[in-house]
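Right, one structure below, let's go through it.
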């Protein structure tokens, strides 16, 4: 699983309110780990030292994944699917690092991943009073501006060394709390080892989100600074032993987003508008991509990562949609809302945030298609279009004072924005054209051929002609040109005759107007209402609550445990040998070459994948799975099919995290795609150079 | 619009119950036309003679469309999109009758449409007591068997001359009434005239279901018998005058299916299961088809009709889905159910059909994926697979007594089944492979790679390999081979090593088991409950009700009238000249060649398309729009976007029928693609030979 689809609005506060929280439920912030509850459930809980060490070893990857340091020399464990984009970017027609894997002969041949940045939390400071104070009694657009301005100021003041640190204010409980997170950042991240794609993603889309599973979804990166590996004395101990049924496990990572305490009206919007529209759009794009990739081996290779991303999102959102259409599942959520309403009834300070949100939601329904199709235009489907959007916006925003800029263009955000814009990444014209044309055809379909915005953007062009003209004509595939426009600022943008730049220059005023309306009619009233909802929750249930996921560091606890699938028990582990039984010889169930070649050497009884009860969600991909002693026994890479409803609520009986065991990775490093230097490094031995 | 997606369960009884029916609401059977209500609304109503003449001129096309006789020599008016399949079947790489249109120099060159049959209702007899008597107090599978057996017997006895007649028992009010319809049938239907596709479908998918509109969606067929045009002394008078705002209009045709009185639980199933799943599947297939058609002009041509059908269905079902997610729309339906429940509360004879249906619905949810993916297998997406399914089933069914056979294989149904199976139709291997592979990939995705049925059907093959093997290996594209297997019966099927036949032979037992379970757990209890629901409605609201649409002859009345779209009035007519303003030069807004060439000759002020308040739905395509004097002033070809909710309920303020005027067709016949013989024939003159 991975975090690919950003949510279009802020996540909300969350916890299981009516029934007591299941032992395993919760994605806990490191300043709020419920050690009493853990001790009660497992007879032991981590102490402050354990937590501090783990936090220092926990890595966030800016592409939307989690990871951890596992050696003293900056070695990072994560999932293969978290580095597949990097592998694809570094591949050529002659050298396909996705298909063949990456196993450099020595450290000097580790290769930089474009756009990748690794981040480690170094401090968390409460900023609730500060930001709520800045908001005061403001409403509408003024509320959003005041909040965002204060966030920009705090982030800028908190991290003056912007080469090595990054500050981010995190909104928790939908505005009930604000925290300033400070990160040590590493902008030079290199790929150190990756297995063959066919081993990492054995079973492909059919097996994705399912279990039993046989996937070597692991890879290693390494953080560099000044051209040298970063020293990481604090790291997790590599522990290639088999997991034990029932043993306690911790997943430490960055769950991307949950929506566990949406109000009924917000959930209904998800169910009736956002999820079906997104699923339908994803499906058609998926179909177009599959058929076009089928035209040639080159296209198959070039579109692979994109297809995986779309299929992964599709399946994840399908699971959410199914959950919201399951009366048994939603009855619990409905009961929770009713309980909270009853508890704060007549409390004048709380008022009726539910109906305020309902009013905002009705407004949002009216303008939803505008948001979907015009807010980012073709940037949702095309890398080059994304560059153009960033450049056009940056040119305008960078001329403003820090506290008046749009999020993404404040002092604290600019370095990563610039890195992502200017790092060299290959793009493929056919894929870019497909994206732009698809966007245009859907914008016309949903907004209507007679819509004024559609007419402005398409003129008399067909979607296909627009895609061809913009992609053929743009020079944005060249990083040097992007850099030049970035540095040239507003004057360079105004002077550019690049068709993609001109397209976004034409769209931008409308996109800004849509955002302004969204801020005024949705974000502001909902932020105000959610702050009171959070207050209501704290009043009703105390303060031992966890906030919804926000792609910031969380800890979840659980145990190695299978589940009952319609009355049949599912064992918690699979073994390496099972791969051979499941292989059919046809995609996506072919054996990887390494599995064929090494069959006689592999320990077929070694645990391959396993499941735990940890509460996770997309963004947790690559998270270390940590044993009681603080060592890492695997990397979380997926949830089972039942985990998909986890976006809205956790079900301890069914919801499972899927993990690739350290034991299996050890087999891979020793026997399948041998990397003796890494084996030694993971064992804590100084590797031979 | 057209009827492409057959419903998976029988339509239910329907009417507007709480508020009085709007003047225009209703798709009335010819034995129940509400002349009093029409007279009250318009000061005039058709008499029995008017109705009898119109019924005799009304034609049903077995492809899912409506039509009418408009000359004394068997000339039939319908929509272009009702004959596009025929045109495509008759096209070759050298002669594209879709793109270029069809305008034969003389009648001898009119060409037979494969699979097409024209039918005219000659009598309607009530069979309610007969069939309800046969059902008696039976339940479960026995109920379904008894009902279907009695239907087969009545149909067989009613039409002994199966060359020229066809009998069909129609289930109305979901089992509240049964009627035996007898048809005169014409199995030799030829294409007589069709405009260029680009004129017929100007504006393509973006304009589909929208208005204002500029589409020449008309065509002419001719019925033949014994090699000669059929004499049709009773026909509608062709009337190429402009429609007048406010004038009364009748649409006479065969609306395919409505679901206006589903219970809440049935509607919820549509909303949460059937509609989203169907939309998602259609979207991905649409995407694959678009991308694959884009590969070559040949594929663009070969996939055209299929793509149109999928896009049309997608848009129609999207409108249904939106309607069911619109609280204002569903509130009315909910109120209607509550009103009926209140009126029959405590009536022991009625009982509680709502909760019986709810129970059946819950069962249906559990097995829904099985029905979708295994009931017909790849036959849903592949013509060749459909042949195989029919052949395998027919071989088993034809060996049984008439009253024990599955519907579709009874004596009364066999002639059309055989005609459709054996008429020569071109198939395209790439399109067939796409269909089979897509089905297989989705079956595996939704049922799971470990599902026993999936394993049985796919074995170790990938979906792509299965598609390739079945399509490359089958000989079913050859009509002679199909005929041979049809005639060879069970022995020929058992002996055949055709891979498509073998595939369906393996699937058939499972498909039959699924149908048996469906009959027992859903069809039987719902049929019983619906019969009592109908009784409840008749008791509560009298007997001036219209049944849900069943692809049988109906009359709707209304008037030429625009509507208000978000406060802005939409005029009821467009003119020919508007086409030139809307044209962009790029697909789908290029001008047809005929429009370019004839620009100076065309009367640009002539009415092109217009809208009326008639209550229609898919299946009505091609219906004559008839003036008070019984003459035909246009052919209905679409509904506006608001008409899509019409599946569940009619809204007189917004719901509109879209018509191509006879005046525009006259322009086309005289000036654009000249057909002087047809012009003379339509004017009632004996054409020159």
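Residue numbers (our numbering), protein chains in the order written: chain A, 1 to 689; chain B, 690 to 1378. Beta carbons: idealized from backbone N, C-alpha and C, even for Gly. None of the values given here were measured: they were computed from a predicted structure.
- Of the candidates 100(A), 258(A) and 250(A), the residue whose Cα lies closest to the Cα of residue 546(A) is 258(A).
- When only Cα atoms are considered, residue 1066(B) and residue 1197(B) end up about 9 angstroms apart.
- Chain-ordered listing is empty here: chain B has no CB closer than 8 angstroms to the CB of residue 99(A), the nearest sitting near 17 angstroms.
- Taken atom to atom, the span from the alpha-carbon of residue 1180(B) to that of residue 1195(B) is near 16 angstroms.
- Below 8 angstroms, enough C-beta pairs join the stretch 59-75 of chain A and the stretch 245-259 of chain A to call them touching: three or more.
- Considering only 130(A), 261(A) and 374(A), the residue with the shortest C-alpha distance to residue 537(A) is 261(A).
- For the pair residue 534(A) and residue 176(A), the Cα-to-Cα distance works out to about 5 angstroms.
- DSSP places residue 1044(B) in the helix class (H, G or I) of the three-state scheme.
- Residue 200(A) does not reach chain B, its nearest Cβ partner there being about 18 angstroms away, counting only Cβ pairs nearer than 9 angstroms.
- When C-alpha distances from residue 1040(B) are compared across 783(B), 1325(B) and 1217(B), the shortest belongs to 1217(B).
- Proximity of residue 938(B) to chain A, defined by a Cβ-Cβ separation below 8 angstroms, is not satisfied.
- Measuring C-alpha to C-alpha distances from residue 578(A) to each of 315(A), 453(A), 594(A) and 604(A) identifies 604(A) as the nearest.
- Between the alpha carbons of residue 1250(B) and residue 275(A) lies a distance of about 37 angstroms.
- At a cut-off of 8 angstroms between C-beta atoms, residue 1333(B) does not count as an interface residue with respect to chain A.
- No Cβ-Cβ contact shorter than 8 angstroms links residue 626(A) with residue 78(A).
- Proximity of the stretch 1299-1315 of chain B to the stretch 482-489 of chain A falls short of the contact definition, fewer than three beta-carbon pairs being nearer than 8 angstroms.
- Between the beta-carbon of residue 158(A) and that of residue 182(A) there is about 6 angstroms, and that keeps the pair under the 8 angstroms contact cut.
- Note on geometry: alpha-carbon atoms of residue 81(A) and residue 660(A) lie some 12 angstroms from one another.
- Between residue 440(A) and residue 467(A), the gap from beta carbon to beta carbon is short of 8 angstroms.
- Closest in alpha carbon position to residue 1330(B), among 1211(B), 882(B) and 897(B), is 897(B).
- Excluding its 5 nearest sequence neighbours in each direction, residue 1364(B) has C-beta neighbours in its own chain below 7 angstroms: 792, 882 and 1358, listed in chain order.
- By alpha-carbon distance to residue 523(A), the top candidate from 358(A), 408(A), 447(A) and 465(A) is 358(A).
- DSSP links residue 754(B) through a beta bridge to 750(B).
- DSSP lists no beta-bridge partner residue for residue 380(A).
- Distance from the CA atom of residue 382(A) to the CA atom of residue 349(A), rounded to whole angstroms, is 47 angstroms.
- The residues 524, 525 and 528, in chain order, have a CB closer than 8 angstroms to that of residue 139(A) in the same chain once the five nearest residues on each side in sequence are set aside.
- Below 8 angstroms, enough C-beta pairs join the stretch 1053-1067 of chain B and the stretch 1123-1143 of chain B to call them touching: three or more.
- Going by DSSP, residue 775(B) is part of the alpha helix (DSSP H) stretching over 773-779.
- Between residue 1168(B) and residue 1111(B), the C-beta gap is smaller than 8 angstroms, which places the two residues in contact.
- In the DSSP assignment, residue 664(A) falls outside any beta strand (DSSP E) and within the unbroken alpha helix (DSSP H) covering 662-667.
- Taking a Cβ-Cβ threshold of 7 angstroms, the residues of chain B close to residue 280(A) are 968, 969 and 972, in chain order.
- Chain-order list of chain B residues neighbouring residue 585(A): 1149, by C-beta distance under 7 angstroms.
- In the DSSP secondary-structure assignment, residue 1074(B) is not bridged to any residue.
- Nearest to residue 1106(B) by alpha-carbon distance, out of 1239(B), 855(B), 794(B) and 1366(B), is 855(B).
- Burial state of residue 1208(B) is buried, judged by a 10 Å Cβ sphere holding 16 or more other Cβ atoms.
- The Cβ of residue 499(A) sits no closer than 8 angstroms to any Cβ of chain B.
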